[in-house]
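**Student:** Numbering (my numbering), first residue to last: 61 to 264. Using N, Cα and C, we set each Cβ at its ideal position, and we do this for glycine too.
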Amino acid sequence: MQVIYLLAITAEAASGAIMGMRRRMDVFGVCVVGTVTALGGGSIRDMLLGHYPLGWVAHPEYLFFTVGAALSAAYLVRFMHRVRMAFLLLDALGLVAFAIIGCDVAASVGVHPSIVVLMGMVTGICGGLLRDVLCNQVPLVLRRDMYASVALATGTLYVLLQRYGVGHDHATGIALVTGFLFRLASIKWGLALPVFKAQRHLED
Numbered sequence: 061m062q063v064i065y066l067l068a069i070t071a072e073a074a075s076g077a078i079m080g081m082r083r084r085m086d087v088f089g090v091c092v093v094g095t096v097t098a099l100g101g102g103s104i105r106d107m108l109l110g111h112y113p114l115g116w117v118a119h120p121e122y123l124f125f126t127v128g129a130a131l132s133a134a135y136l137v138r139f140m141h142r143v144r145m146a147f148l149l150l151d152a153l154g155l156v157a158f159a160i161i162g163c164d165v166a167a168s169v170g171v172h173p174s175i176v177v178l179m180g181m182v183t184g185i186c187g188g189l190l191r192d193v194l195c196n197q198v199p200l201v202l203r204r205d206m207y208a209s210v211a212l213a214t215g216t217l218y219v220l221l222q223r224y225g226v227g228h229d230h231a232t233g234i235a236l237v238t239g240f241l242f243r244l245a246s247i248k249w250g251l252a253l254p255v256f257k258a259q260r261h262l263e264d
């Protein structure tokens with residue numbers, strides 16, 4: 061899980077850095093957005109669960125790690141021709157990895173399985189939500205994208221696999237790959253939840 065966590069914060073820090081660069085932020089802004097994206101979801105989860113100290117408080121090296129990942133992404137992105145796709149791939153990887161990590165943390169404090177799945181979703185989506193708010197953009201989770209749904213599905217699959225006897229490592233691998241492919245499929249084929257269309261009197 062330590063490897064998965066480092067992978068997740070690297071991916072999310074990079075996605076935050078790319079978003080910050082697209083908003084023409086300076087070096088400090090890129091580092092802040094990258095760090096908030098990487099560590100924000102886990103911080104909100106831990107506060108909701110009363111799980112202290114927060115991960116990055118107990119391990120300050122994570123701050124340096126995320127800043128390094130953000131700066132590296134900011135440097136490398138100039139050599140990429142498809143920046144938007146790189147952003148979506150990194151964000152998808154971070155989303156499902158954090159969903160699994162959030163489930164593990166919640167399960168370790170003994171909460172109900174439904175809360176375990178919910179905390180997985182919180183961990184997965186809240187970093188990206190904070191990133192989008194800081195960048196003055198409507199958060200992905202509030203748009204038609206299958207975003208929170210992917211986190212919920214990943215967490216549910218992960219919990220069910222372990223409940224029915226699948227080993228922890230195998231459950232992690234299956235949930236990670238399945239969730240990632242689900243997110244990519246939703247991007248490629250435009251899978252989305254239905255949108256409520258306001259009546260004219262609501263629009264007025």
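What residues are listed by DSSP as bridge partners for A252?
**Tutor:** According to DSSP, which records beta bridges pairwise, A252 is partnered with D205.
**Student:** At a cut of 8 Å, does the region 153-162 reach the region 201-215 through at least three beta carbon pairs?
**Tutor:** These segments touch.
**Student:** Rounded to whole angstroms, what is the Cα-Cα separation between F124 and D164?
**Tutor:** Near 24 Å, if we compare the C-alpha coordinates of D164 and F124.
**Student:** Could you name each continuous alpha helix (DSSP H) segment of 4 residues or more that falls completely within the region 214-240, going from the start of the chain to the end?
**Tutor:** With a minimum length of 4 residues, no continuous alpha helix (DSSP H) run stays inside the region 214-240.
**Student:** Taking the Cβ atom as the reference point for each residue, do F147 and S75 lie within a distance shorter than 8 Å?
**Tutor:** Yes; because the gap between Cβ atoms is below 8 Å, this pair is in contact.
**Student:** Looking at C-beta atoms only, is the number of pairs between the region 92-104 and the region 182-189 that lie closer than 8 Å three or more?
**Tutor:** Because the criterion of three Cβ pairs below 8 Å is met, the region 92-104 and the region 182-189 touch.
**Student:** Give me the Cα-Cα distance between G250 and D205, rounded to the nearest whole angstrom.
**Tutor:** The alpha-carbon atoms of G250 and D205 are separated by roughly 8 Å.
**Student:** Compute the distance between the beta-carbons of I78 and V127, then report whether it is under 8 Å.
**Tutor:** In this structure, V127 does not lie closer than 8 Å to I78 by Cβ.
**Student:** Please determine whether the Cβ atom of A130 lies at a distance below 7 Å from any heavy atom of the ligand SAH.
**Tutor:** Annotation note on the ligand SAH: not contained in the displayed structure, which lists no ligands.
**Student:** With R144 as the anchor, note down where its alpha helix (DSSP H) starts and where it stops.
**Tutor:** Here the alpha helix (DSSP H) through R144 covers V143 to S168.
**Student:** Which of helix, strand or coil does DSSP assign to R83?
**Tutor:** Looking at R83 - three-state DSSP - the assignment turns out to be coil, as it is neither helix nor strand.
**Student:** Using DSSP with H/G/I as helix, E/B as strand and the rest coil, what is Y65?
**Tutor:** Y65 falls in the helix class under three-state DSSP.
**Student:** Measure how close the beta-carbons of M181 and V137 come, nearest whole angstrom, since I'm counting them as under 8 Å.
**Tutor:** Between V137 and M181 the Cβ distance is about 28 Å, and since that is not below 8 Å, they are no contact.
**Student:** When you compare the CB positions of V169 and H111, do they come within less than 8 Å of one another, or not?
**Tutor:** Taking 8 Å as the Cβ cut-off, V169 and H111 qualify as a contacting pair.
**Student:** Let me know if F242 comes out buried or exposed under the rule of 16 or more other beta-carbons within 10 Å of its beta-carbon.
**Tutor:** Buried: at least 16 other Cβ atoms inside 10 Å.
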